[in-house]
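As given, the protein sequences belong to chains H and U, one line each in that order. If you want my numbering, it's the position in the first sequence, counting the first as 1, plus 1. If you want my numbering, it's the position in the second sequence, counting the first as 1, plus 1. Report on the following structure.
There are 2 protein chains.
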Amino acid sequence: MTFEKPKKKKIPQMTITRLAQYLNCLSLLPTEQYEEISSKELASKIELKPTQVRQDFHHFGGFGQAGYRYKVNDLIIGLERILGLDQQQKLIIVGMGHLGQALASYKNFEPLGLNLVALFDVNPKLIGLSLRDVPIKDIDDLPAIVAKHNVTIAAITTPTSAAQNTANMLVAAGIKGIWNFSPVNLTTPPDVIVQNEHLSVGLMTLSYRLKTLNKQNDGEQE
Amino acid sequence: MTFEKPKKKKIPQMTITRLAQYLNCLSLLPTEQYEEISSKELASKIELKPTQVRQDFHHFGGFGQAGYRYKVNDLIIGLERILGLDQQQKLIIVGMGHLGQALASYKNFEPLGLNLVALFDVNPKLIGLSLRDVPIKDIDDLPAIVAKHNVTIAAITTPTSAAQNTANMLVAAGIKGIWNFSPVNLTTPPDVIVQNEHLSVGLMTLSYRLKTLNKQNDGEQE
């Protein structure tokens with residue numbers, strides 16, 4: 002099977018998220034157990050419909066018949082190519098509280114084509130320290146470091162009250178991709194992409210699914 | 002405008018996620034600025050198509066015409082009702098490293114209808130302490146506390162290597178909803194719902210969108 006570049010110019014946001022979910026799920030499979038996988042098995046692992054998986058794969062020139070067993074490695078390579086993970090990008094994290102420190106310890110940046118070059122905070126007690134060999138720098142040094150290393154992505158893990166000011170600073174420094182962990186709708190210019198990690202979205206989804214499950218179990222009718 | 006209970010029995014997972022995104026976005030709007038909002042404005046804030054927003058609202062008995070300005074408060078109340086946020090649920094967090102501590106400090110559990118009753122760890126130095134008045138308990142006390150408080154949701158913020166064992170313990174204790182922050186495909190019985198917060202999915206999506214933006218700016222053609 003070969004994956005082709007998509008025919009349509011713009012792939013919808015939801016499709017990209019699903020492709021990333023497929024790749025994430027596949028790369029976490031124990032390889033000895035899963036040399037091959039069907040769309041049904043993959044779909045069940047991320048709670049989507051098999052037809053959705055096949056439709057997405059078909060979109061990119063994958064086979065897409067029901068019952069076909071894809072080679073997991075081929076799928077991974079194909080999805081990595083589509084998502085462009087072979088092209089390296091530079092990343093920084095701003096805000097070294099608990100969340101920032103947890104994020105800085107994340108082991109999967111390199112496999113995703115991301116190079117974590119620096120961490121930033123305003124706290125003089127943290128500035129000068131390192132986390133996993135990545136230095137914590139003074140926020141005032143941010144523009145120079147972004148320019149020097151050609152950083153394109155910045156994660157915001159500051160307190161909520163500092164998030165918009167941080168975003169303004171990042172935009173002024175030339176950052177084009179903001180990975181936002183603050184529960185704030187950031188205001189940014191149209192050429193800056195904001196990816197929100199809003200915990201409440203996942204939590205509301207889980208809470209809803211659990212209530213629906215309970216209703217089904219209770220045999221209630223709407 | 003009134004929101005009705007959905008006609009279809011099962012709402013697709015992706016729709017629920019979008020409804021949660023709408024509610025999250027709306028509840029973060031500055032109220033003085035946004036008494037009303039159009040589907041176009043809302044769609045642009047979460048980078049979806051206005052037709053998608055109208056279609057979702059229509060699904061639940063919302064008006065759904067282009068150009069119509071929805072009252073933000075009505076939307077919030079309607080979405081909260083659909084997502085069942087008025088029904089309280091109990092939550093625990095297992096793993097008090099940086100991520101667990103960041104999560105325990107999250108201020109939005111109560112508005113989401115969630116009551117954080119206890120935190121758990123294996124580290125004797127942490128057990129007995131409190132975070133925002135929520136006690137850190139010994140993991141061995143988990144089954145008793147889950148039973149006593151009728152806890153339904155547990156967040157896993159343990160190291161990756163401990164995630165599956167933690168999930169097994171939670172399932173044995175009767176937990177039906179797992180909010181999983183470990184980069185692991187957990188194996189659980191079919192009646193347990195797992196909501197994954199896999200950082201790599203958001204990061205891959207952002208990275209892809211950024212590369213696509215760069216290509217468009219460079220005027221490259223596929």
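Even for Gly, the Cβ is constructed at its ideal location relative to N, Cα and C.
My assumption, with CB atoms under 8 Å, is that residue i sits in contact with residue j. Please give the rounded CB distance.
i      : j      : result
H/Q102 : U/H99  : 4 Å
U/L204 : H/L30  : Contact doesn't hold; Cβ gap of about 19 Å is too wide.
U/V202 : H/Q22  : 6 Å
U/P17  : H/Y209 : Residue 17 of chain U is actually Ile in this sequence, not Pro. Confirmed, about 5 Å.
U/L92  : U/I154 : 5 Å
H/K212 : U/G79  : Not really, about 16 Å apart at Cβ, beyond 8 Å.
H/L117 : H/F110 : 5 Å
U/P190 : U/V172 : 6 Å
U/I77  : U/F61  : Going by Cβ atoms, the distance from U/I77 to U/F61 rounds to 13 Å, so no, they are not a contact pair.
From which residue to which residue does the beta strand (DSSP E) around residue i run?
i     : result
H/S39 : E37 to S39
H/Q90 : Q90 to V95
U/Y69 : No beta strand (DSSP E) holds U/Y69; DSSP gives it neither H nor E.
Would you kindly work out how many angstroms separate the C-alpha atoms of residue i and residue j, rounded to a whole number?
i      : j      : result
H/C26  : U/W180 : 16 Å
U/K46  : U/N124 : 42 Å
H/L127 : U/A163 : 29 Å
U/L143 : H/K216 : 26 Å
U/D192 : U/A174 : 14 Å
H/S28  : U/E37  : 44 Å
U/P184 : H/A156 : 19 Å
U/I176 : H/Y35  : 28 Å
H/L207 : U/A148 : 20 Å
U/P51  : U/K41  : 5 Å
H/A168 : H/I94  : 12 Å
U/G129 : U/D87  : 32 Å
H/E198 : U/E33  : 25 Å
H/L187 : H/R55  : 35 Å
U/G96  : U/Y69  : 46 Å
H/L214 : U/T158 : 24 Å
Which chain H residues are close to residue i, counting only those with a beta carbon under 8 Å from its beta carbon?
i      : result
U/I194 : L207, R210, L211 and L214
U/G62  : Ordered by position in chain H, no residue passes the 8 Å Cβ test against U/G62, which lies about 13 Å from the chain.
U/Q88  : K212
U/G114 : S208
At a CB-CB cut-off below 7 Å, which residues of chain H make contact with residue i?
i      : result
U/N109 : P184 and S201
U/T18  : V202 and T206
U/G96  : Per Cβ cutoff of 7 Å: no residues; U/G96 is ~10 Å from chain H at best.
U/G178 : L207 and L211
U/N25  : H199, S201 and V202
U/Q22  : V202
U/L29  : P184, V185 and N186
So the alpha helix (DSSP H) residue i belongs to, where does it begin and stop?
i      : result
H/Q34  : Where H/Q34 is concerned, there is no enclosing alpha helix (DSSP H), given that its DSSP letter is neither H nor E.
H/L49  : It is not in any alpha helix (DSSP H) - H/L49 carries neither H nor E in the DSSP assignment.
U/L104 : H99 to A105
Going along chain U, which residues have a C-beta under 9 Å from residue i?
i      : result
H/I154 : L204, L207, S208 and L211
H/L84  : M205, T206, S208, Y209 and K212
Just to confirm, does residue i get its C-beta within under 7 Å of one of the non-hydrogen atoms of the ligand ATP?
i     : result
U/V73 : The ligand ATP is not part of this structure, which contains no ligands at all.
Determine the chain U residues that contact residue i at a beta-carbon separation under 8 Å, and present them in chain order.
i     : result
H/H99 : H99, L100, Q102, A103 and S106
H/E48 : Q14
H/Q34 : Near H/Q34 there are no residues of chain U at all, since even the closest Cβ is about 11 Å away, more than 8 Å.
Check the Cβ of residue i against every Cβ in chain H and list those closer than 9 Å, keeping chain order.
i      : result
U/G129 : Per Cβ cutoff of 9 Å: no residues; U/G129 is ~19 Å from chain H at best.
U/L43  : The contacting residues do not exist; U/L43 stays about 11 Å from chain H at best.
Entirely enclosed alpha helix (DSSP H) segments - the segment 108-159 of chain U, minimum 4 residues: With a minimum length of 4 residues, the continuous alpha helix (DSSP H) runs that stay inside the segment 108-159 of chain U are 143-150.
Continuous beta strand (DSSP E) assignments of at least 3 residues falling wholly in the segment 152-217 of chain H: The segment 152-217 of chain H contains these whole beta strand (DSSP E) runs: 154-157, 178-181 and 194-197.
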